[in-house]
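J.: I'd like to ask some things about the structure below.
2 protein chains.
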Amino acid sequence: MSILVVGSVAFDSISTPHGKVDHCLGGAATYFALAASYFADVRVIAVVGEDFLPQHEAVLTARGIDTRGIETAPGLSFHWMGAYAGAMNEAETLNTDLNVFADFEPKIPAAYLDSEYLFLANIDPLLQARVRNQMPDVKLVCGDTMNYWISAHAENLAKVLRELDVLLINDGEARMLSGEQNATKAAAKVLSMGPKSLVMKHGEYGATAFFGAHSFAGKATSRPFRAPAMPMAEVVDPTGAGDSFAGGFYGYIASQPELTPEVFRRAMFYGGVMGSFACERFGTERLQSLTREEIETRFKLFREMSHLAPEI
Amino acid sequence: MSILVVGSVAFDSISTPHGKVDHCLGGAATYFALAASYFADVRVIAVVGEDFLPQHEAVLTARGIDTRGIETAPGLSFHWMGAYAGAMNEAETLNTDLNVFADFEPKIPAAYLDSEYLFLANIDPLLQARVRNQMPDVKLVCGDTMNYWISAHAENLAKVLRELDVLLINDGEARMLSGEQNATKAAAKVLSMGPKSLVMKHGEYGATAFFGAHSFAGKATSRPFRAPAMPMAEVVDPTGAGDSFAGGFYGYIASQPELTPEVFRRAMFYGGVMGSFACERFGTERLQSLTREEIETRFKLFREMSHLAPEI
């Protein structure tokens with residue numbers, strides 16, 4: 019099954035207590051695509067500048083990712099500078115240069131039109147809606163957003179939310195979007211805005227899924243599901259952990275014949291697994307060279323560290 | 019099996035977005051004892067003032083709790099005033115009147131000396147140590163503390179930590195005690211201070227157990243265990259949730275013939291269950307009238323909302 023992701027392919031300059039990297043390959047679509055590539059075919063729509071070289075593209079193509087939808091425009095690629103300190107739960111953005119991304123007009127190659135799964139990474143909701151409208155027959159639509167779009171582009175975002183099968187956001191974004199402090203109330207309000215289900219990410223504490231009345235074709239459950247994250251001694255660089263979670267989550271769903279409640283739950287575990295790998299090295303380094311065996315081993319670890327023995 | 023708990027029996031005046039209560043029965047030992055009483059025999063050592071009336075004692079004795087170790091001193095009982103706002107994750111202490119608690123000298127009734135399980139609730143570590151020394155033959159010692167003792171009584175606390183089989187503290191306390199921001203590093207450092215195991219409570223996100231090299235008689239596992247908390251739409255009053263967690267956790271352990279890794283894991287689930295009940299009403303109200311069936315139903319819910327289907 020093929021996943022089409024639209025989002026940013028960018029360069030990041032990151033500083034953490036473990037060191038610094040300058041202009042390493044990053045961007046939501048990059049992390050998502052690499053993480054999802056271990057489970058499904060991935061196709062990327064993005065725009066890059068002339069500083070995006072064959073060696074950068076090779077990072078994606080080496081993982082079998084279809085890059086025909088990555089357009090090159092005159093100028094420089096999107097560049098983000100950020101720093102993490104202390105518990106490293108939140109990045110401090112030092113600088114954002116949109117560069118060619120400022121005029122991003124997603125174009126869907128004809129070869130991508132048969133994609134069954136659509137992921138709208140964190141970009142302008144107007145662009146998310148435009149892509150979604152050009153892909154009316156996809157099986158599932160999953161999306162992300164962030165505080166900037168929630169506060170300054172609420173109307174455009176509202177249109178996108180109505181189209182989503184799964185919205186993936188973190189605690190703070192859910193509170194901002196709903197105006198509710200309590201996570202359960204925030205989830206109910208977010209679901210009332212349209213998404214059929216909501217995956218609320220809690221960083222080092224894992225993630226909780228909430229299901230609306232119409233989530234995945236009548237197989238709804240009103241009960242939330244909580245997946246753990248792995249306590250990690252060495253978080254080298256948390257950049258892209260959320261996008262990698264989304265890639266593992268959605269990639270696993272796309273790899274299964276049907277989206278059952280159990281597939282959804284397992285997908286959350288795979289999301290946590292890929293998010294945890296992403297943090298182990300700077301940038302996308304760890305996501306470039308995983309094996310499916312390493313992924314399965316960590317999946318088992320996640321299961322063991324959160325599961326009781328079966329009832330006798 | 020009998021649990022001996024030493025700690026505060028107090029009155030709380032609490033304000034939350036759901037209302038206010040004045041002078042309701044509270045205190046760490048009270049919450050702990052009520053929660054643990056659904057699993058094991060509980061004996062309390064505390065001091066109260068003349069405002070502690072038969073109706074207050076009856077709350078404990080109605081649950082079969084042994085109150086012979088609750089001494090009455092001239093004056094008023096410990097009184098805490100606190101308020102919660104917003105996400106209600108942390109109380110703002112408005113006032114603390116130690117009253118008779120200021121001169122608390124725990125005395126262990128002869129009838130309590132055969133207690134197999136000792137719980138040192140959050141009190142002056144000097145008193146914790148004194149009680150622990152008078153109970154040299156207990157099977158297990160579990161304890162709690164808080165930021166005040168960590169910062170201002172570090173030396174006395176260090177002596178208590180060396181005596182503990184299980185230390186139960188929250189994220190912030192673990193960070194303060196260890197000086198480490200990262201939870202895994204904080205856990206390792208706390209374990210190096212003496213406790214054989216550490217249960218780090220994450221509030222609405224559940225709790226993680228970390229095990230030292232010598233935890234429960236050689237059956238150590240180096241792998242942490244993560245138990246969920248239940249997403250709750252109505253947190254009426256979080257006061258005592260941590261003590262109720264401890265009561266469910268330790269009560270379940272005391273109800274089992276042996277402390278195996280699986281018993282420890284299940285105990286964490288029962289801790290979360292009792293903590294979630296505590297938040298549903300003001301003060302100890304919800305903990306006074308539970309049934310074992312309600313507890314088992316919620317335990318199953320915790321399991322279902324965090325467990326994948328068994329591997330085929």
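Listed in order, the protein sequences are those of chains A and B.
In the working numbering, each residue's number is its place in the first sequence (first place is 1) plus 18.
In the working numbering, each residue's number is its place in the second sequence (first place is 1) plus 18.
From the three backbone atoms N, C-alpha and C, an ideal C-beta is built for every residue, glycine too.
Taking the straight line between their C-alpha atoms, what separation do you get for A/Arg150 and B/Leu216?
T.: Roughly 48 Å between the two C-alpha positions.
J.: Kindly say whether B/Phe282, judged by its beta-carbon, lies nearer than 8 Å to any beta-carbon of chain A.
T.: No, its Cβ sits nowhere closer than 8 Å to a Cβ of chain A.
J.: Would you verify that the beta carbon of B/Gly269 is, or is not, closer than 8 Å to some beta carbon of chain A?
T.: No, its Cβ sits nowhere closer than 8 Å to a Cβ of chain A.
J.: Relative to the ligand NAD, is the shortest distance from any of its heavy atoms to the C-beta of B/Asp121 smaller than 7 Å?
T.: The ligand NAD is not among the ligands present in this structure, which contains no ligands whatsoever.
J.: Quick one: what's got a C-beta closer than 8 Å to B/Lys177's C-beta in the same chain, skipping five residues either side?
T.: Pro143, Ala147.
J.: Assign A/Asn113 to buried or exposed, taking buried as 16 or more other Cβ atoms, counted over all protein chains shown, within 10 Å of its Cβ.
T.: Its Cβ having fewer than 16 others within 10 Å, A/Asn113 is exposed.
J.: Taking the C-alpha atoms as reference points, what is the distance between A/Phe29 and A/Pro246?
T.: If you take the alpha carbons of A/Phe29 and A/Pro246, they lie about 30 Å apart.
J.: Out of B/Ala139, B/Phe228, B/Glu68, which one is the CA nearest neighbour of B/Tyr49?
T.: When only C-alpha atoms are compared, the closest one is B/Ala139.
J.: Helix, strand or coil for B/Arg86? Go by DSSP, reduced to three states.
T.: Correct three-state label for B/Arg86: strand.
J.: Going by beta carbon distance, what residues of the same chain come within less than 6 Å of A/Pro256, once the five residues before and after it are set aside?
T.: The residues are Met106, Cys297.
J.: Examine the Cβ distances between the segment 75-87 of chain A and the segment 311-328 of chain A and report whether three or more of them are shorter than 8 Å.
T.: Judged by Cβ distances under 8 Å, the segment 75-87 of chain A makes no contact with the segment 311-328 of chain A, as fewer than three pairs qualify.
J.: Check whether the segment 46-61 of chain B and the segment 21-36 of chain B touch, using three or more Cβ-Cβ pairs below 8 Å as the test.
T.: Yes: at least three Cβ pairs fall under 8 Å.
J.: Roughly how far, in whole angstroms, is the beta-carbon of B/Gly290 from the beta-carbon of B/Ala225, given that I think they are within contact range, below 8 Å?
T.: That pair is a contact at about 7 Å.
J.: Going by C-alpha to C-alpha distance, which of A/Gly258, A/Ala201, A/Gly87, A/Phe122 sits closest to A/Ser133?
T.: Of the listed residues, the one whose Cα sits closest to A/Ser133 is A/Gly87.
J.: Determine the chain A residues that contact B/Thr226 at a beta-carbon separation under 7 Å, and present them in chain order.
T.: Those are Pro249, listed as they occur along chain A.
J.: Mind pulling the chain A residues with CB within less than 7 Å of B/His220?
T.: Correct list: Tyr223.
J.: For B/Thr302 and chain A, any beta-carbon pair shorter than 8 Å?
T.: Not closer than 8 Å to any Cβ of chain A, the Cβ of B/Thr302 fails to qualify, so no.
J.: Using the C-alpha atoms, what's the distance from B/Phe263 back to B/Ala235?
T.: With a pLDDT of 46 at B/Ala235, under the threshold of 50, the modelled position of this residue cannot be trusted; read the value that follows with caution. Their backbone Cα atoms lie some 24 Å apart in a straight line.
J.: From the DSSP output, which residues share a beta bridge with A/Trp98?
T.: Looking at the DSSP assignment, A/Trp98 forms a beta bridge with A/Asp30, A/Thr114.
J.: Quick one: what's got a C-beta closer than 7 Å to A/Leu308's C-beta in the same chain, skipping five residues either side?
T.: So the list reads Tyr56, Phe295, once near-sequence residues are dropped.
J.: Give me, in chain order, the residues of the same chain whose beta-carbon lies closer than 6 Å to that of B/Pro127; leave out the 5 immediate sequence neighbours on both sides.
T.: Excluding positions up to five away in sequence, the list reads Arg86, Gly87.
J.: In chain order, what are the residue ranges of uninterrupted alpha helix (DSSP H) at least 4 long that sit wholly in the segment 230-303 of chain A?
T.: As far as the segment 230-303 of chain A is concerned, its whole alpha helix (DSSP H) runs of at least 4 residues are 259-273, 279-296.
J.: Would you say A/Ala231 reaches chain B, if we count a Cβ-Cβ gap shorter than 8 Å as a contact?
T.: So, not an interface residue.
J.: At 7 Å on the CB atoms, spell out the chain B contacts of A/Lys203, in chain order.
T.: The contacting residues are Ala251.
J.: Give the residues of chain B in contact with A/Met323, contact being defined as C-beta atoms less than 8 Å apart.
T.: What A/Met323 touches in chain B: Arg241, Pro242, Phe243, Arg244.
J.: Tell me where the alpha helix (DSSP H) around A/Asp183 begins and ends.
T.: It is not in any alpha helix (DSSP H) - A/Asp183 carries neither H nor E in the DSSP assignment.
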